[in-house]
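Student: Numbering (UniProt numbering), first residue to last: 1 to 1085.
Using N, Cα and C, we set each Cβ at its ideal position, and we do this for glycine too.
As the structure is a computational prediction, the values presented were derived from the model and not from experiment.
One structure is given below, represented as structure tokens, and several questions about it will come after.
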Amino acid sequence: MLNGLIKISMLVFTGCCFLSCNDRLDLPEDVAAEMAKLIQPIDYTYDVKPILSDRCFACHGPDANQQKAGLRLDVAKVAYEKVGENGLKAVVPGKTGKSELAHRILSEDPEVMMPTPSSHLTLNTREKAILIKWIEEGAEYKPHWAFTKVKKTVAPRVKDEKWVRNDIDRFILAKLEDKGMKPSPEADKTTLLRRVYMDLNGLPPTPEQVQTFLADKSPNAYEKVVDQLLASPRYGEHMAVSWLDAARYADTHGYQDDGPRTAWPFRDWVINAFNKNLSYDKFITYQLAGDMLPNPTREQLVATAFNRMHQQSQEGGIIPEEYRTAYVADRVDTFGKTFLGITVECARCHDHKYDPVSHKDYYSLYAFFNNNNENGQIPYNGEASPTLTLPTPEAEAKLNDIHAYLVKKKNTLNKARLSESGFRNWLSVVEKQPEKALVPEKKDLLGHFTFDEPQGTEFQNLADPKHKARAGGDDSLSNAASRNGRLGKARYIFGENAIGFGDNFAFFERNQPFSISIWLNLHDPSVNGSLIHKSNGVFNGYRGWNVFRLPDGRIKLTISHVWPENAIEIQTLEKFPMNKWTQLGFSYDGLSKAQGLKLYINGKQARVTVHNDNLNQSILYGKNKTNWYVDNLNIGRLSDQRTKNFEVDEFRIYTRALSQLEMLSLYSQNNELLAILKMPAAHRNAQQQSALKEYYINNFDETYRKELTASLALIGEETELLNKQIDVMIMKERKFPRKTYILNRGAYDAPGKEVTADTPDEFFKIPREFPKNRLGLARWLLHEDHPLFTRVTVNRFWLSFFGKGLVVSSDDFGNQGELPTHPQLLDWLSATFRETGWDVKAIQKLIVTSATYRQSSKASRQLLEQDGENRLYARGPSYRMSAEQIRDNALAASSLLSDRIGGKSSYPYQPNGIWEALATRNDIHYMQQHGDSIYRRSLYTVWKRSAPPPMMLNFDASERHFCVTKRQKTSTPLQALVVMNDPQFVEASRVLAQQMIKHGKSLEQKITYGFTALTSRPPSTKELEILKDLYQEEYRDFSKNPKRVKAILATGEYPVDKLLNPVELAASTIVASTVMNFDEFVIKR
């Protein structure tokens, strides 16, 4: 109906309002007058596209589902074509009279005019004039500037060459001269020194460093300081902060439960990467795909935690796949914002309304990140797999020794398996006397449950009467669940009941062999889930072992520390039989490899595929032998998985690995070993001969058994050691890749067409020779033809020094983003960055040594009128510092700042009750630390997503729920209250006051020292007088109020110097605190 109305309105409008067929349109007077003012040729990129993107693309842009009348105004070919049955064209180059676009924007008829009244968008007279003139001049379309290849141009010539320090200045000055403007003078030395200290190290210079710089009269004095700052370990700490925002770094998982995670090794990796000046191509590649490099190092693997820093849910009752798809989507969104500067997340549910990212493009990018071996619901105990263990140096040395021994033992075990001499000797004996081959029927039998009890909910263990089993759930239902079984009676599992086997029964560690055999009769093909398990369930990452029936009827067997990655997982090729008694068994040799895990159905070894073979930690405990909760051996229900409608009978469990012959005997109820031994040797087939040898090795080969025992002991030592080490989440591809589908409206349970990993054509098509995985994606980003990556990166560098990027919308390089203020400079920097070999320190040194950067930030009234936002860079940068810089500034000025780099997060002062009010069940109590931990740099402060540090939030720090590449900057009264009252700042003022008293003889000297420590310059005469008056006033008041003295000196843990006059110290504290609220303390000039 809508299209019909559009067609009718187009016919009426064309027929009644514009009967003439003139090529040129008669214009309203106001539009004609505005056109006369447009002297310069109209440029599509700078003049036309911003209008079309803002007012037209929502209905006539890339989103196919939102396009009205089949018209697109973002593509020249479509805009030029006839639309509708009447053959009208939106744009006819050079002919406004035949261009429907021109008619529509000039109409005042609400049924005809564009934009439509319902859109609440309008065009002003100038914008109409621009569009009309553009059509008159030929309506030339140009590709979006950010999607074109980077082109390095020669720096322009300028008149004032004396001002220029490097080529950056030529681009800036050329534009200023074109506007008839001049750059500002260089900032004074103290201002410039403080600026570059804060920009490169995030910390102020000490008074001594200020004096050293002022005394250095050499022409390269400033450059020497820059080199020192770039070489300082503080550089990496400061640079890491903004990257951690993009990486959405936090010390907790987020969502409702918000439990702790070990994330700090990734933070340390980022700090070290910046300090080592790791080339940026490697910096990016390691984070995106370090695990896919040949023989990846530990550092390369830790770097991939970048793609695991997103929120993850531990909450019970969630749908894991729903959350897993959210994790993948977060990676895609982070990739788009961080590396492309494009809001790709807008295409998760439909085609992007403004940028050329289709719904299909989004899920093609999604496919790159969809193959991580993870689960949507993560454990409360243990890091979410995949993980990497980071042992201490001492533990690593021991682990290396253990691994070396295990390699030797493995070789010995393999030789024993292949040896024939011992087997032949044994066989020659037992063929004559078969009874000598028998082992006691109950050897290593831990449990045998027949379930023959006709009534009750307790079941006898024929192997050990002390350990009984019990049916849990509704007793009346459990009593009625006795059925005829495979042998005697059986028990029926209907979903709300389960059979449990008591505390500490069959608690096997990963180095302990064991076997089970059970008879099952499954009745409901629609039911899937756990059949039998000794597992702590999803809350502990399915730690333990589990036998599952899959939705397609096959059997999955897992032995896990944290599933799915730190586990052994095998799956049968055939479906498990239905509606018939079937024996299911498995044996495990304790060597922590899939080779030693064998699954049997009706006594025969099942054909399986190995989905994972990476078990390397405890299957009983999490770190430090803890668990969220401990579940016992159960048949049936696991957590909220209610496997139902099946019967169980004849359950046996052994503390050794049964051989195939033993498992077959449990099925057939005959002694298969004797049957084969009594058979003439010539009549035995290869399979029977192999079964005999396996039986011999498992039960009689002393060499093998001795080496196996030693190997298992070594694995036990390894398990104990690893249990005390830390793990960090990393990326690791699944063995069997997931398929990726376009998710309709972004819903996890609404898959549409299948797609494969690919990149959007409009940006730059991934070369065919690149692998379609994350490593190929990283190489695609770094390709010289890629239009976005280098531009986005250097623009972010520029932002970090000037407070805004050359593209002000630094997080949006798309059609809705702002145009670059200096496009040629942006491309020059992009190309130069690549040419330096992706040298971050080199490109940053180029920026901070430019005359542009070194300008004074003072602005005359005329300059503010000409360029209030400083987009032309006729003056130096000036803006409020980050939350981290402000806190660190106070700690550094008072000499409280700890110089400890890296390690676990710290817990400094924080108002009481915040975590308690906001947390649900994980880490609900904030435990403040003591000692130098409370004086560490702010990037080390613990970051709980549901309750971030309040001081940081007050100064606009990111909450770290999602990727943030540009923080907002606000100025509020609350910020001043924080600096005046937060214990960290009050304590810093008190400790600085102690130094003021010690460093000065006169009051002027004391105040000057403190003022310089906080602002990097001495106070003016007027400032000094005001602060002296303040001191004297406070001194008088404190002299009369001892309680007030005691209160202010008691703030913080740093000891008060008892040798100082407490009244003088209190008054000096107020002076220092006042200077902390001075503009130059929080504003970078």
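(1) Which same chain residues, not among the five before or five after residue 365, have their C-beta less than 6 Å away from its C-beta?
(2) Helix, strand or coil for residue 23? Go by DSSP, reduced to three states.
(3) Using 8 Å as the Cβ pair cut-off and three pairs as the minimum, do the segment 783-796 and the segment 333-347 touch?
(4) Suppose the cutoff is 6 Å on Cβ atoms and the five residues either side in sequence are ignored; what does the same chain contact list for residue 376 look like?
(5) Can you check the segment 781-815 for any alpha helix (DSSP H) of at least 4 residues that lies completely inside it and give the ranges in chain order?
(6) My output table needs one value for residue 5: the three-state DSSP class, helix, strand or coil.
(7) Short of 6 Å in beta carbon distance, which residues of its chain neighbour residue 121, apart from the five on each side in sequence? Order them along the chain.
(8) Thinking C-beta only, is residue 838 closer than 9 Å to residue 281?
(9) For residue 586, which three-state DSSP category applies?
(10) Taking the alpha helix (DSSP H) that residue 679 falls in, what are its first and last residues?
(11) Could you check if residue 1068 is buried or exposed, using at least 16 other CB atoms within 10 Å of its CB as the buried criterion?
(12) Count Cβ pairs between the segment 679-692 and the segment 537-554 that sit closer than 8 Å; are there 3 or more?
(13) Can you find the residues in the same chain that come closer than 6 Å, C-beta to C-beta, to residue 334, ignoring five residues on each side of it along the sequence?
(14) Pairs of beta-carbons, one from the segment 287-304 and one from the segment 264-275, closer than 8 Å: are there three or more?
(15) Given that a residue counts as buried once 16 or more other Cβ atoms are within 10 Å of its Cβ, and exposed if not, what is residue 1070?
(16) With a CB to CB cut of under 8 Å and the five nearest residues on each side skipped, what residues in its chain are close to residue 19?
(17) Cα-Cα, which of 1063, 263, 65 is closest to residue 351?
(18) Are at least three pairs of beta-carbons, each pair with one atom in the segment 606-622 and one in the segment 682-691, less than 8 Å apart?
(19) In the DSSP assignment, the alpha helix (DSSP H) including residue 716 goes from what residue to what residue?
(20) Is residue 694 buried or exposed, if buried means 16 or more other CB atoms sit within 10 Å of its CB?
(21) Is any heavy atom in the ligand MG found nearer than 8 Å to the beta carbon of residue 285?
(22) When DSSP builds the beta bridges, which residues end up paired with residue 469?
(23) Quick check on the DSSP output: the beta strand (DSSP E) that includes residue 612 runs from which residue to which?
(24) Am I right that residue 330 and residue 310 are in contact with their C-beta atoms under 8 Å? What's the rounded C-beta distance?
(25) Taking the alpha-carbon positions, what's the residue 136 to residue 355 distance?
(26) Could you check where the beta strand (DSSP E) with residue 651 kicks off and where it finishes?
(27) Please report how far the alpha carbon of residue 988 lies from the alpha carbon of residue 893, in whole angstroms.
(28) Helix, strand or coil, according to DSSP, for residue 291 in the structure here?
(29) Bridge partners of residue 604, per DSSP?
(30) Near residue 360, which residues of its chain fall below 8 Å by C-beta distance, leaving aside the five closest residues on each side in sequence?
(31) When you compare the CB positions of residue 372 and residue 951, do they come within less than 9 Å of one another, or not?
(32) Measure the alpha-carbon distance for residue 429 versus residue 448 and round it to whole angstroms.
(33) Just tell me which of 817, 219, 516 has its CA closest to the CA of residue 589.
(34) Alpha carbon to alpha carbon, what distance is there between residue 34 and residue 94?
(35) Mind the definition here: the segment 650-667 touches the segment 524-531 only if three or more C-beta pairs lie below 8 Å; say whether that holds.
(36) By how many angstroms is the C-alpha of residue 217 removed from the C-alpha of residue 870?
Tutor: With the given structure in hand:
(1) Result list for residue 365: 332, in chain order.
(2) coil
(3) yes
(4) 320, 321, 323, 324
(5) The qualifying runs are 789-802.
(6) Here residue 5 scores only 35 on pLDDT, less than 50, and its place in the model should not be relied on; the value that follows carries that caveat. In the structure shown, residue 5 sits in a helix (DSSP, three-state: H, G or I).
(7) 55, 115
(8) yes
(9) DSSP places residue 586 in the strand class (E or B) of the three-state scheme.
(10) Residue 679 -> no alpha helix (DSSP H), and no H or E assigned at all.
(11) buried
(12) no
(13) 963
(14) The way I'd put it, the segment 287-304 does touch the segment 264-275; three or more beta-carbon pairs between them come closer than 8 Å.
(15) buried
(16) For residue 19, the predicted model reports a pLDDT of 34, less than 50, meaning its position is unreliable; a value from the coordinates is still stated below. Nothing listed; no residue qualifies.
(17) 65
(18) The answer is no - the segment 682-691 does not touch the segment 606-622, with fewer than three Cβ pairs under 8 Å.
(19) Taken as a continuous stretch (DSSP letters only), the alpha helix (DSSP H) holding residue 716 covers 702-722.
(20) buried
(21) No copy of the ligand MG occurs in the structure displayed, which carries no ligand at all.
(22) Per DSSP, 459.
(23) 608-613
(24) Taking a contact as a CB-CB distance under 8 Å, the pair residue 330 and residue 310 counts as one, their CB atoms being some 4 Å apart.
(25) 26 Å
(26) Here the beta strand (DSSP E) through residue 651 covers 646-654.
(27) The alpha-carbon of residue 988 is positioned some 8 Å away from that of residue 893.
(28) helix
(29) 601
(30) Around residue 360: 742, 753, 755.
(31) no
(32) 32 Å
(33) It is 516 whose Cα lies nearest to the Cα of residue 589.
(34) 19 Å
(35) no
(36) So the alpha carbons of these two residues sit roughly 31 Å apart.
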